[in-house]
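Going letter by letter, the sequence shown gives residues 1 to 386 in UniProt numbering. All C-beta atoms, glycine included, are put in the ideal place defined by N, C-alpha and C. What follows is a short report on a single structure.
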Amino acid sequence: MNADSGSEKTEGGAGEDATPLRRGWTTGTCATAAARAAAEALFGGEFPDPVTVTLPGGQTPAFALAVTGQGEGADGPWTAAGVVKDAGDDPDVTHGALVRARVWRGAPGSGVSFRAGPGVGTVTLPGLPLPVGEPAINPVPRSMIAQAVGEAAREAGQPADLVVEVGVEKGEQLAKRTMNGRLGILGGLSILGTTGIVVPYSCAAWIASIQRGIDVARAAGLSHVAACTGDLSEKAVVARYGLSEQALLDMGDFVGGTLKYLRRHPVPRLTLCGGFAKFGKLARGLMDLHSKRNSVDFDWLADRLAELGAGPELVAEARGANTAAQVLGMADAAGLALADHVAELARRAAQDVLEDAPVAVEVLVTDRQGRIVGEAHSPISWPNPR
Numbered sequence: 001m002n003a004d005s006g007s008e009k010t011e012g013g014a015g016e017d018a019t020p021l022r023r024g025w026t027t028g029t030c031a032t033a034a035a036r037a038a039a040e041a042l043f044g045g046e047f048p049d050p051v052t053v054t055l056p057g058g059q060t061p062a063f064a065l066a067v068t069g070q071g072e073g074a075d076g077p078w079t080a081a082g083v084v085k086d087a088g089d090d091p092d093v094t095h096g097a098l099v100r101a102r103v104w105r106g107a108p109g110s111g112v113s114f115r116a117g118p119g120v121g122t123v124t125l126p127g128l129p130l131p132v133g134e135p136a137i138n139p140v141p142r143s144m145i146a147q148a149v150g151e152a153a154r155e156a157g158q159p160a161d162l163v164v165e166v167g168v169e170k171g172e173q174l175a176k177r178t179m180n181g182r183l184g185i186l187g188g189l190s191i192l193g194t195t196g197i198v199v200p201y202s203c204a205a206w207i208a209s210i211q212r213g214i215d216v217a218r219a220a221g222l223s224h225v226a227a228c229t230g231d232l233s234e235k236a237v238v239a240r241y242g243l244s245e246q247a248l249l250d251m252g253d254f255v256g257g258t259l260k261y262l263r264r265h266p267v268p269r270l271t272l273c274g275g276f277a278k279f280g281k282l283a284r285g286l287m288d289l290h291s292k293r294n295s296v297d298f299d300w301l302a303d304r305l306a307e308l309g310a311g312p313e314l315v316a317e318a319r320g321a322n323t324a325a326q327v328l329g330m331a332d333a334a335g336l337a338l339a340d341h342v343a344e345l346a347r348r349a350a351q352d353v354l355e356d357a358p359v360a361v362e363v364l365v366t367d368r369q370g371r372i373v374g375e376a377h378s379p380i381s382w383p384n385p386r
């Protein structure tokens, strides 16, 4: 998962009377505020505190400066400012991080250019919206920063030929808790954001990370990717196939978002791997596997046991079970291949979402220990994995 994303949860809580969750600001917005303040100081003014920026939606939030600085470098005088990121009520790994911007004058006519400072990564693989070798400052934050420092230049009657270096304190360590390494972003975090605002527990950022993972795999020419619901299932796939990091998609509960993107951007071979309870939901045609929105259907599992030849007593016992793992244990004790049956139904449900996309799907079902206990394979011939 990328730096500005959090786990999925409905904003506002579970009920109509729940307290609305507080929104926050993206790393891109914080970098924009820091760059604007530094630019104003570079042009001979004071550091504005607070500093106001304009977001893509027209909002104009103001930010207090946590640090300021200035000095002389090889390229001439520079100024710098920093803003502490407030992610609101989102469980964001960059909440509380210090986002810095250092600004100095560029060559005449060069416009605004960007550098990766300490804690910001560099793009090393194709498939992302930035060329290889560029600082991992996404297009919208670049546009926001360029607009902000350009306004500061115009107000000072100066050309907007500036170099903006963005950094994040301890960003290299924080990046280890994101998907950046898998996406080929090395050395630190990405500077992200499309609206400038962090929506608490938004699934959009997670799905965007899945999409970028697919883009990177396609750009690398990979013919086999694996979308997994968690660490145990991912380890099971790696143990079986030895796939590279670029072939692994941290799908979480978002199987629907993964499949819909693959429908438009296909990869020839797809392995879906996840736990028995979650894939029991996929087998029912559900595309959101989160327990808070879709629970285990014990009647449905009991009916599948009946299809496999289970007697009335076992079927009744399954209907009254407490966990999906309990039902799986009943099936195993009776010698019934329930996990394989669920895997096949899940594979068909996934293939239905993919429609006519040239993607051959297999499903691997794991138990709570991460062991593969059921599987179903596409009748389509598969290319050799890379």
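Check, Outcome
"Cβ neighbour criterion (16 or more within 10 Å) applied to K278", "buried"
"Beta-ladder partner(s) of Q228, from DSSP", "The displayed chain sequence assigns Cys, not Gln, to residue 228. D250, C273."
"Strand pairing of I372, partner residues [DSSP]", "T366"
"Host beta strand (DSSP E) of R102 (start-end)", "98-105"
"Whole runs of the alpha helix (DSSP H) within the segment 263-344, excluding any shorter than 4 residues", "276-283, 298-307, 312-319, 324-333"
"Cβ neighbours of residue 388 in the same chain (closer than 7 Å, five flanking residues each side left out)", "The question about residue 388 has no answer here: the residues shown for the chain are numbered 1 through 386."
"Residue of C203, L336, S295, D161 minimising C-alpha distance to E307", "L336"
"Span separating the alpha-carbon of M1 from that of G193", "A caution first: M1 carries a pLDDT of 35, below 50, which makes its placement in the model unreliable, though a value can still be read off. C-alpha separation (whole angstroms): 14 Å."
"Beta-carbon proximity check, V365 vs A350, cutoff 8 Å", "no"
"Presumed contact (8 Å Cβ cut-off) between A343 and E375, rounded CB distance", "5 Å"
"Residue burial classification, K176 (beta-carbon count within 10 angstroms, cutoff 16)", "exposed"
"Under the three-state DSSP convention, the category Q70 falls into", "strand"
"Residue range of the beta strand (DSSP E) that includes L162", "162-168"
"Cβ neighbours of S233 in the same chain (closer than 8 Å, five flanking residues each side left out)", "C273, G274, G275, L364, T366, G370"
"Where the alpha helix (DSSP H) containing S244 begins and where it ends", "It is not in any alpha helix (DSSP H) - S244 carries neither H nor E in the DSSP assignment."
"Buried or exposed (CB count within 10 angstroms, at least 16 for buried), D90", "buried"
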